[in-house]
Amino acid sequence: MKDTKLELINGNSYMYDANLAVGVYFNEDSRAAVLIDSGANESAAKRIEHFVKKKGYYISSVIVTHGHQAQVGGLPHLKKIYADLRVYATSWTAQFLEHRALESGLSGYIPCVANELDEGIVKDAVTDIIPYRDHDIVIDEVPFSVVALPGHFPGMVGIVTPDQVFYSADAIFGNTTLIKQKLLYYTDIKGAKDSLNKLTAHKYAAYVLSHGGKYNDVTLLIQQHQHLIDETAQFIFGIISEHPMTLEGIVQRVMKEYQLKNKSSHFTLANTIVRSYLNELHEDSKLRASVNDGILYYYDRASVILA
Ligand SMILES: [Zn+2]
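Every position in the sequence shown, counted from 1, becomes a number in the working numbering once 3 is added.
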């Protein structure tokens, strides 16, 4: 792990970013720190705790943005250290934490394909359920704005601190990710577009992306995301328009187009994303599905209906 320290973003809002950004808000009155996500694992959580302590603070709470391992992996360690730790999350996130197998449902429970699910997630980790809508919550007398950010993962939220720093979780990814990967992980395309619009609706002092760290302005990034989403939708619709395709056929073409490896984890990833786009194209009334000789095909709604 690179030698990362806490980085000041604005006012009392900081981040710890060792390839994965965790938000830290220091409450000067109570000397308590509120984390936004917990780090991917024990060692990340330990490092964050070390820096918080060094500043003369303790960790009172964690707001978990969503149920991916990268955001929740540090929780077991923090719960061990701080018995009274408050953990805030939406009921969606609480369910994903409690039942890790739920995550494979997003890719349709593919048999024999191992999910890289983790051990050591603490049961009953969430102490405070936050509603999945835009609203304010008060922690240690400090108000934080909760922003529902659909699209990437069910029940994901972003957090705005009183310093107007928007911790936007995985609603958008930083340049380094975009250079490496043009197929973005979304489970709900319409939701993802709504979240991008939300991020542009108001200008904040700074943004902290889980994968990407600090940005002062995200306008260009958002345009790139919108472009990549449209490109993927057009690619998938394009191949289906050529001739009816099975789900696996579409996944195969997408894996080739986006140069994914022949690994089950990449297959699962592509499978989840393709399903999201098929839903979106169906909702846009562009696609239909039909069973022919026991095989499910997707085809362009405007084309001739299969016999
Ligand atoms: Zn995520």
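Note that the Cβ used here is the ideal one computed from N, Cα and C, for glycine as well.
{"Item": "Compare the beta carbon distance of residue 235 and residue 280 with 8 Å and say whether it is the shorter of the two.", "Value": "yes"}
{"Item": "Starting from residue 240 and walking both ways along the alpha helix (DSSP H), at which residues does that stretch end?", "Value": "222-245"}
{"Item": "Using a Cβ-based criterion (distance less than 7 Å to any ligand heavy atom), does residue 173 qualify as near ligand 1?", "Value": "yes"}
{"Item": "Do residue 155 and ligand 1 come close, with the Cβ less than 7 Å from some heavy atom?", "Value": "yes"}
{"Item": "Pick out whichever of 82, 291, 148 and 11 has its Cα sitting closest to the Cα of residue 42.", "Value": "82"}
{"Item": "Are the beta-carbon atoms of residue 173 and residue 159 separated by less than 8 Å?", "Value": "yes"}
{"Item": "Is it right to say residue 153 is buried, meaning 16 or more other beta carbons lie within 10 angstroms of its own, or is it exposed?", "Value": "buried"}
{"Item": "Any idea if residue 182 is buried or exposed, counting beta-carbon neighbours within 10 angstroms, 16 or more meaning buried?", "Value": "exposed"}
{"Item": "Runs of 4 residues minimum, wholly inside the region 48-131: which ones carry the alpha helix (DSSP H) assignment?", "Value": "72-75, 78-84, 94-101 and 105-108"}
{"Item": "Give a single yes or no on whether residue 228 has its beta carbon closer than 7 Å to a heavy atom of ligand 1.", "Value": "no"}
{"Item": "Would you mind reading off the limits of the beta strand (DSSP E) that contains residue 16?", "Value": "16-20"}
{"Item": "Could you give the uninterrupted runs of the alpha helix (DSSP H) lying entirely in the region 167-197, keeping only those of 4 residues or more?", "Value": "178-183"}
{"Item": "Does the distance from the CB of residue 93 to the CB of residue 132 come in under 8 Å?", "Value": "yes"}
{"Item": "Does residue 29 come out as helix, strand or coil in the three-state DSSP assignment?", "Value": "strand"}
{"Item": "Please report the straight-line C-alpha distance between residue 57 and residue 17, rounded to a whole angstrom.", "Value": "14 Å"}
{"Item": "Cα-Cα, which of 128, 31, 71 and 137 is closest to residue 78?", "Value": "128"}
{"Item": "How many angstroms separate the CA atom of residue 65 from the CA atom of residue 13?", "Value": "19 Å"}
{"Item": "Distance check for residue 220 and residue 168, CA to CA, integer angstroms please.", "Value": "11 Å"}
{"Item": "Looking at the unbroken alpha helix (DSSP H) that takes in residue 282, where does it start and where does it end?", "Value": "267-286"}
{"Item": "Taking just the CA atoms, how far does residue 299 sit from residue 290?", "Value": "13 Å"}
{"Item": "Rounded to the nearest angstrom, what separates residue 332 and residue 175 at their Cα positions?", "Value": "With the chain represented from 4 up to 310, any question about residue 332 goes unanswered, as that position is not in the structure."}
{"Item": "Assuming the contact rule is C-beta atoms closer than 8 Å, residue 189 and residue 243 should be a hit. Round their C-beta distance to whole Å, please.", "Value": "Not confirmed; about 19 Å, so no contact."}
{"Item": "Does the count of Cβ pairs from the region 255-275 and the region 206-217 closer than 8 Å reach three?", "Value": "no"}
{"Item": "Using a threshold of 8 Å, state whether the C-beta atoms of residue 24 and residue 163 are closer than that.", "Value": "no"}
{"Item": "Identify the continuous alpha helix (DSSP H) that holds residue 256 and give its terminal residues.", "Value": "250-260"}
{"Item": "Since I believe residue 61 is in contact with residue 36 (beta carbons under 8 Å), could you give me their beta-carbon distance rounded to a whole number of angstroms?", "Value": "7 Å"}
{"Item": "Take residue 4 and list the residues in its own chain whose beta-carbon comes closer than 6 Å to its own, dropping the five residues that flank it on each side.", "Value": "The predicted model places residue 4 with a pLDDT of 48, which falls under 50 and marks its position as unreliable; any figure quoted below should be read in that light. Answer for residue 4: 21, listed in chain order."}
{"Item": "Verify whether the separation of the beta carbon atoms of residue 166 and residue 195 is less than 8 Å.", "Value": "no"}
{"Item": "Give the secondary structure of residue 295 by DSSP, where H, G and I count as helix, E and B as strand, and everything else as coil.", "Value": "strand"}
{"Item": "So, at 6 Å on beta carbons, what are the nonlocal neighbours of residue 284 in its own chain, with the 5 sequence-adjacent residues on each side left out?", "Value": "240 and 290"}
{"Item": "In angstroms with no decimal places, state the Cα-to-Cα distance between residue 282 and residue 260.", "Value": "20 Å"}
{"Item": "Where does residue 305 sit, in a helix, a strand or coil, going by DSSP?", "Value": "coil"}
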